[in-house]
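Have a look at the structure below, then the notes.
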Amino acid sequence: MADTTTTIVQIAAQGVAAATPYLFAGIGEAVGQRAGIYNLGVDGIMLMGAFSAFYSVYSGASPLVGLIIGVLVGALMGLAMAFISVALKAEQGISGIGLYMFGLGLSTLLFNALVETPRPVSQSFTSAPIPGLSQLPLVGKVLFDHHLLVYLAFLMVPLTWFVLNKTPLGLNIRAAGQNPQAADSLGVNVAAVRYLAVIFGGAMAGAAGVSLSIAQTNIFQENMTNGIGFIAVALVYFGRWSPIGIMFGTLLFSVVTTLQLWLQAFGVQISSSLVTMLPNIVTIIALIIAVYLYKTQTPAALGRPFRREES
Amino acid sequence: MKSRLFMLLTVVCMVVALVGSVANPAQAQDKLRIAVITPSAKNDLAWSQSMVDALLKVQEEMGGEEAVEVTVSEGLFRVPDAAAAMRDYASQGYDLVIAHGTQYGASMFEVAAEFPEVSFAWGTASDTGADVGLTNVFAYEARAEEGGYVNGVIAAMLSKSGVLGVVGPVNAGDAKLYIDGFVAGAKATKADIDVKVIFTESFGDTAKATESAKTLITQGADILTGSAQQVPGAISEIQKAKGYWFGTQSDQTAGWPDTVVAVQVFDWVPVLTDIIANREAGTLGGKAYEISLNSGLTMVFNEAITLPEEVMKAAEETMEKIKSGEIIVPGNPKAATPEPTMEATKSN
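If you're matching them up, the sequences are chains A and B in order. Heads up: the first sequence begins at -12 in our numbering, then just goes up one per residue. Heads up: the second sequence begins at 91 in our numbering, then just goes up one per residue.
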């Protein structure tokens, strides 16, 4: 029994840590979408965040500086997306895919030119158990024995929820995504709000990339996100644009992913291909249930450029 | 007068352009032109890098860029993209087009039929397309289970926990051969050793490979191995746990000098040299090669990690026994009647 409990705790703890990049990227994307802009370039931004943080640390900077640089690079790419989709009013889906390809290409180019071959960094975000809390039975190991970025990602959940639902800024963001014309008539600067939301989303995607390169794996590799950014966008729909919903979605996905790795290591006699499909199957089923359970509507103006009606 | 002068200049320009365009192919024919298509990055520390490194060695041995032109199209995991690249290179007059991936076979056969004067090579495979009338295709494969077995023997001797972990990509091809060999080598050394295997079902999912390594370490593994370009994160993970790593395909010792004990390196130079010699002698294809510990597969031992004398001795003895055929490694169809490798197994 003790062994079973220990195993469950270990799987849960690993699943919580593995949720970090999905959570950062998903929450950032949700804020952008609540303001009316969907950004399919998340994966490309993550790659640029991952590379810039990796290269900073590889060149001698501390992991904290790497985090700041990765987040700034992400914000800069968010600014590019905001300029294209808000100022130029370009079609958002195509713009996002373009940004993804740009991030993939540029991060690969820079990696090949500056680093050449996969190699580890000597410093990274290492485990930082929270004194006292990490000693709690069961939950201590699951929630309070991780590296700094895991705590930051989960801290973003209540923070973002609070800003979106309890502050004037959050009201403006939701108004910009729900009814920008009405928001504009009430004096809200829709373009500025959308810029802010998409830049924030870029910064969060940058942080997601940082968590991959200098916390989870300690390396950078071409296309190392392997589609995590796209899964994060899907998790936004899963979570019905709520940070809390997204958190449950990412936890479900990452814990089941971890579980299938453990099942294989235990030698469970199921085809590894079948076991690998498990997280996707569970997520699809949960998505269907979520659609029926939660009534949160898609932001009405999502994907639509805002054009001010002149009288 | 002006219009005549203009006409004259135009004619002169056209003649110069024509002479130039004729002269270029003549110059190009002076050197051997090789193109390689790889499914992952050319610096992946794994499968793709093994071929690119070998091509660059061959280029250097044959006189550098003046004598051999090497062009790499990397990261073409999608077969339609790779097929387009093959056709492109063949139509540009490349002498040898290497499709470095098992998945490229069917498309490569189609392109090879369209360009009978161009030589093609692909691996891991043994089919030269002779059955469908092709005479311009070479095939190559690695007896990856041999180095896997040697790594398994050393890992079993070094493990303190009695648990070894494997981070595999998919259970097929040379990954399966390598892993089966590793498990067999470990079990032959210590019958009760526990070898845990996880497949990520991907070649390039670095994050999942890292999570797989974490899982194996949490379950007690103190030594890991694995293959494909996804492994660098897994190596870093076992480095954090102060354990050891055993590799395959390309040399990984430089990046993790305190962690990577030994690597089975795929050295395709003998295969490439023979293909080029055959082409120069007028044989454009029709031969299948395999590299093994006798030729082509090299065990690289990390000099920064000193192995106990008995472990090194066991490794060397195992290699000799595999070479002589005394040890039959599971996965090798010819193991019962070992033959010298690098010998053509099929020919027209």
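Glycine included, C-beta positions come from ideal geometry on N, C-alpha and C. Note that the structure is predicted; figures quoted are calculated from it, not measured.
| Item | Value |
| --- | --- |
| When we look at the beta-carbon of B/Y230 and count the other beta-carbons within 10 Å, is it buried (16 or more) or exposed? | buried |
| Take B/E159 as the anchor and find which of B/L166, B/N133, B/L122 has the nearest alpha-carbon. | B/L122 |
| Taking 8 Å as the CB-CB limit, is B/D217 close to chain A? | no |
| Where does B/P115 sit, in a helix, a strand or coil, going by DSSP? | Unreliable positioning characterises B/P115 in this predicted model, as indicated by a pLDDT of 46, which lies under 50. The coordinate reading is nonetheless provided below. B/P115 falls in the helix class under three-state DSSP. |
| Which residues mark the beginning and the end of the beta strand (DSSP E) in which B/R168 is found? | Taken as a continuous stretch (DSSP letters only), B/R168 belongs to no beta strand (DSSP E), as it is neither H nor E. |
| Mark A/F149 as exposed unless 16 or more other C-beta atoms lie within 10 angstroms of its C-beta, in which case mark it buried. | exposed |
| Could you check the C-alpha separation between B/F210 and B/M152 for me, to the nearest Å? | 20 Å |
| If the cut is a Cβ gap below 9 Å, which residues of chain A does B/F289 touch? | Q251, S259, S260, V262, T263 |
| What does the Cβ neighbour count give for A/I(-2), buried or exposed, with the cut at 16 atoms within 10 Å? | buried |
| How about A/T245: is its C-beta nearer than 8 Å to some C-beta of chain B? | yes |
| Do B/Q319 and B/F293 count as a contact pair if the criterion is CB distance below 8 Å? | yes |
| What are the uninterrupted segments assigned as alpha helix (DSSP H) that are 4 or more residues long and contained completely in the segment 223 to 308 of chain B, given in chain order? | 234 to 248, 263 to 279, 296 to 308 |
| Between which two residues does the beta strand (DSSP E) holding B/T161 run? | 158 to 163 |
| Assign A/R295 to buried or exposed, taking buried as 16 or more other Cβ atoms, counted over all protein chains shown, within 10 Å of its Cβ. | exposed |
| Tell me, please, which residues DSSP counts as bridged to B/R123. | B/E159 |
| Tell me which residues share the same chain as A/F89 and place their Cβ nearer than 7 Å to its Cβ, disregarding the 5 neighbours each side in the sequence. | G31 |
| Rounding to the nearest angstrom, what Cα-Cα distance links B/S326 and B/D120 in this structure? | 46 Å |
| Which class does B/G316 belong to by DSSP, given the choice of helix, strand or coil? | strand |
| Distance cutoff 8 Å, beta carbons only. Does A/I271 sit that close to anything in chain B? | no |
| To the nearest angstrom, how far is the alpha carbon of A/L222 from that of A/M143? | 16 Å |
| For the alpha helix (DSSP H) containing A/F149, name the first residue and the last one. | 135 to 153 |
| Classify B/G310 as helix, strand or coil using the three-state DSSP reduction. | coil |
| By Cβ distance below 7 Å, which residues in the same chain neighbour B/N392 in space, the five residues on each side in sequence not counted? | T343, P347, V350, V351, A352 |
| Is the separation between the beta-carbon of A/I186 and that of A/A62 shorter than 8 Å? | yes |
| Buried or exposed for A/N152, going by 16 or more other Cβ atoms inside 10 Å? | exposed |
| Within 8 Å (strictly less), CB to CB, does A/N205 reach chain B? | yes |
| Kindly indicate if chain A contains any beta-carbon less than 8 Å away from that of B/T161. | no |
| For a contact defined as C-beta to C-beta under 7 Å, what are the partners of B/W346 on chain A? | P107 |
| Quick check on the DSSP output: the beta strand (DSSP E) that includes B/T388 runs from which residue to which? | 387 to 391 |
| Please classify B/Q149: does DSSP put it in a helix, a strand, or coil? | helix |
| Pick out whichever of B/K403, B/R177, B/A405, B/M141 has its Cα sitting closest to the Cα of B/A232. | B/M141 |
| Applying the criterion that 16 or more other CB atoms from any shown protein chain within 10 Å of the CB defines a buried residue, is A/P266 buried or exposed? | buried |
| Any C-beta of chain A sitting closer than 8 Å to the C-beta of B/Q329? | yes |
| I'd like the list of long-range same chain contacts for A/F217, defined as Cβ closer than 6 Å, with 5 residues on each side in sequence excluded. | D30 |
| Verify whether the separation of the beta carbon atoms of B/L383 and B/M409 is less than 8 Å. | yes |
| Does the separation of the CB atoms of A/T270 and A/F235 fall below 8 Å? | no |
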